[in-house]
Each structure stands twice: as C-alpha cells, then as structure tokens.
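When we follow the UniProt record's numbering, the leftmost residue of the sequence shown carries the number 1, and every step to the right adds one. Only one structure is covered here, and it is reproduced in the block below.
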Amino acid sequence: MLYIFDLGNVIVDIDFNRVLGVWSDLGRVPLALLQKRFTMEESFHQHERGEIDDEQFAAKLCQQLGLALSFKQFTAGWQAIFVGVRPGVITLMNQLRQRGDRVVVLSNTNQLHCDFWRTEYPEVQQAADKIYLSQEMGMRKPEMRIYQQLIYEEGFKPEQAIFFDDNADNIEGARRLGINAVHVTDASVIPDYIASRL
1 MLYIFDLGNV IVDIDFNRVL GVWSDLGRVP LALLQKRFTM EESFHQHERG
51 EIDDEQFAAK LCQQLGLALS FKQFTAGWQA IFVGVRPGVI TLMNQLRQRG
101 DRVVVLSNTN QLHCDFWRTE YPEVQQAADK IYLSQEMGMR KPEMRIYQQL
151 IYEEGFKPEQ AIFFDDNADN IEGARRLGIN AVHVTDASVI PDYIASRL
C-alpha cells in the first residue's frame, strides 16, 4: 500500500496567523488590517509551482498587504508559520514503513519553507521514503497531474494509495483520480484511521 501524507497540519502543525503577527509587529501595521487584506492570490500558486522565486513572491505579497519589509523581515514572518511536528504521525509513518508499506510526502510548498522545515524537522525526511514538493514538480495540489505524476513514479494504482490532507479541495482532487483520500480535520484523524486498518 502507498501512503501519501501532506505536510502542513498533517505532519507538522502550522498557523498562518503567526506569520501575520510577526509582519504586523515588524511592519507596524495592525494585525486586523493584515488579516482583512490577506488573500491567497495567483502569486501563491506561482510560488508553490516554482514559477516565481522567493524575492518576487515577497515583493508581491508585501505590495498586496501594504507592508514595507526587508526580505529578511519577510522571511522571519514567513517561517513563523511552523508550530511543531506531530510526533504521533512520525511514529505511524515509521511503523507503516517497517511493515512494508511505502510512505511518501506530497506538499504544496516553496523554497523558503523547505529550507526551514528540512533543518528544523529532520525526522520528517527520515520517516518518508520520498518527498514530493510542488515547487520541484512545477505543479500543485489539487491539480490532477500532480497526483498522476506521483502515482506513476511510485508504480502503484490509484486504488492502492491512501492520501491524508487537511485541505478539502486537495482531497477532492485525489478522489477524482481514484485515490482513497482522508480529510484530516484534527490530530486524531490519522491515528484513528490507521488503527482501524492495522
């Protein structure tokens, strides 16, 4: 069986309000105003597909939010999204591999975040057979082609795969291909699901 894990709020807890909080302090712009201005526009998708680099993305987002930040200040806020790893999920990933299942990570991400979590959470890479990243693949969830590419590279049929993600659109995208997809709405979903199958 192929197990596919998203990263954010599946293996590692994230909180975007932490990002806006740091930028609010550094840019001296009220947090409520940043929350009102913030939307995930096309530049987010371009960044996650590797179509624009970190500096270009920072400039676009600062313009959208009305923030005057240096790239170093932008990065400090951008990295604040990470709260901490979910050790129980890491344990389950290792257990699945020990029993002979294939375990991979599929994440919509970007270079700045990769630089951070690969250093801060080495246990994520150690618990996975392979990590698939949107910025390296030039595509992102929920685009059908990203699931097709992963399934093809892994040599499994869609029905032999189980996918965990916290985003409902990503879940729907995987299901359209025939992948068994589980919507991770809280930290108990994955342990409960795997316990029911072992």
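Just so you know, even glycine gets a beta-carbon here, dropped at the ideal spot from N, CA and C.
Inset, instruction - Let me know the secondary structure DSSP gives Val184 once reduced to three states. - result: As a first step, residue 184 must be located in the sequence shown, where it is residue number 184. In this structure, Val184 counts as coil in the three-state DSSP scheme.
Inset, instruction - At 3 residues or longer, and completely inside the region 61-118: list those beta strand (DSSP E) runs for me, N to C. - result: 82-85, 102-107
Inset, instruction - Taking only runs that begin and end inside the region 140-192, name each unbroken alpha helix (DSSP H) of 4 or more residues, in chain order. - result: 144-154, 168-176
Legend entry - Reference Gly27, options Leu96, Val105, Phe74, Gln111, closest by Cα: Within the sequence shown, numbered from 1, the residue matching residue 27 stands at position 27. It is Phe74 whose Cα lies nearest to the Cα of Gly27.
Legend entry - Given His45 as reference, the closest of Asn108, Ser196, Glu153, Ala76 once Cα atoms are compared: Taking the first residue of the sequence shown as position 1, residue 45 is located at position 45. Ranking Asn108, Ser196, Glu153, Ala76 by Cα distance to His45 puts Asn108 first.
Legend entry - Rounded straight-line distance, which links the Cα of Phe82 to that of Glu120: Translated into positions along the sequence shown, residue 120 becomes position 120. Translated into positions along the sequence shown, residue 82 becomes position 82. Those two C-alpha atoms are separated by around 10 Å.
Inset, instruction - Work out the CA separation of Ser196 and Asn110 for me, nearest whole Å. - result: What you label residue 110 is simply residue 110 of the sequence shown in a count that begins at 1. What you label residue 196 is simply residue 196 of the sequence shown in a count that begins at 1. In a straight line, the C-alpha of Asn110 is about 34 Å away from that of Ser196.
Inset, instruction - Check whether the Cβ atoms of Leu65 and Leu112 lie closer than 8 Å to each other. - result: Along the sequence shown, read from residue 1 onward, the residue named residue 65 stands at position 65. Along the sequence shown, read from residue 1 onward, the residue named residue 112 stands at position 112. Cβ atoms of Leu65 and Leu112: not closer than 8 Å.
Legend entry - CB contact flag (His183, Ala161, <8 Å): As a first step, residue 183 is located in the sequence shown; it is residue number 183 there, counting from the start. As a first step, residue 161 is located in the sequence shown; it is residue number 161 there, counting from the start. Cβ distance not < 8 Å, so His183 and Ala161 don't count as in contact.
Legend entry - Neighbourhood of Tyr132 by C-beta distance below 7 Å, restricted to the same chain and skipping five residues each side: The residue labelled residue 132 in the question sits at position 132 within the sequence shown. Result list for Tyr132: Val104, Val105, Leu106, Leu150, in chain order.
Legend entry - contact_flag[the region 76-96, the region 1-14] where n(CB pairs < 8 Å) is 3 or more: yes
Legend entry - Strand pairing of Ile14, partner residues [DSSP]: Within the sequence shown, residue 14 is the residue found at index 14, counting from 1. According to DSSP, Ile14 bridges with Phe82.
Legend entry - Where Asp6 falls, given that 16 or more other Cβ within 10 Å makes a residue buried: On the sequence shown, position 6 is the one that residue 6 refers to. Asp6 is buried by the Cβ-count criterion.
Legend entry - Nearest-angstrom Cα separation, counted from Tyr3 out to Arg99: Mapped onto the sequence shown, residue 99 falls at position 99. Mapped onto the sequence shown, residue 3 falls at position 3. Roughly 12 Å between the two C-alpha positions.
Inset, instruction - Evaluate Phe16 with the Cβ neighbour count: other Cβ atoms within 10 Å of its Cβ, from every protein chain shown; 16 or more gives buried, anything less gives exposed. - result: As a working note, residue 16 is residue 16 in the sequence shown. With fewer than 16 other Cβ atoms within 10 Å, it is exposed.
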